[in-house]
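All residue numbers for the sequence shown refer to this note's numbering, where the first residue is 2 and numbers rise by one. Beta carbons: idealized from backbone N, C-alpha and C, even for Gly. For clarity, every value in this text was computed on a predicted model and none was experimentally measured. These notes are about the structure you will find just below.
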Amino acid sequence: MTPASSVNKYYRIDRKETHYLRFILEGYGGVAVMRTLDPQQGLVVLHVGPGCEEEVDMIIHDLQRHIRIEVTHVGGDEAL
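Below, the structure written as structure tokens:
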């Protein structure tokens with residue numbers, strides 16, 4: 002998956018849960034690659050593969066029942 006072909010989705014999560022989220026996403030066969038932007042604030046970006054947006058949204062929605070995950074917006078390329 003190249004950055005140009007992926008969709009970036011930004012989230013703020015409980016910083017103690019970053020490894021858990023990464024583990025869950027890896028279990029779904031590469032639908033998204035997670036990168037931690039700010040470990041202190043729990044800011045992460047998911048690089049979502051083409052056509053996988055709906056699946057990733059369902060995964061995040063389900064995980065929100067168990068851990069704190071909030072959609073956030075990071076402008077431009079400042080996080081890259």
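Do you know how far the Cα of V45 is from the Cα of H67?
-> 17 Å
Name the one or two DSSP bridge partners that I61 has.
-> None, per the DSSP bridge assignment.
Supposed close pair Y12, V49 - CB separation, criterion 8 Å | So it is not a contact: roughly 11 Å between Cβ atoms.
What residue from V75, I61 and H74 has the CA that sits closest to F24's CA?
-> That would be I61, whose Cα lies nearest to the Cα of F24.
Out of curiosity, what's the CA-to-CA distance linking D58 and G30?
-> 15 Å
Alpha carbon of E54 to alpha carbon of V34, nearest angstrom = 12 Å
Put I70 into one of helix, strand or coil per three-state DSSP.
-> strand
Buried versus exposed, by CB contacts within 10 Å (16 or more), K17 = exposed
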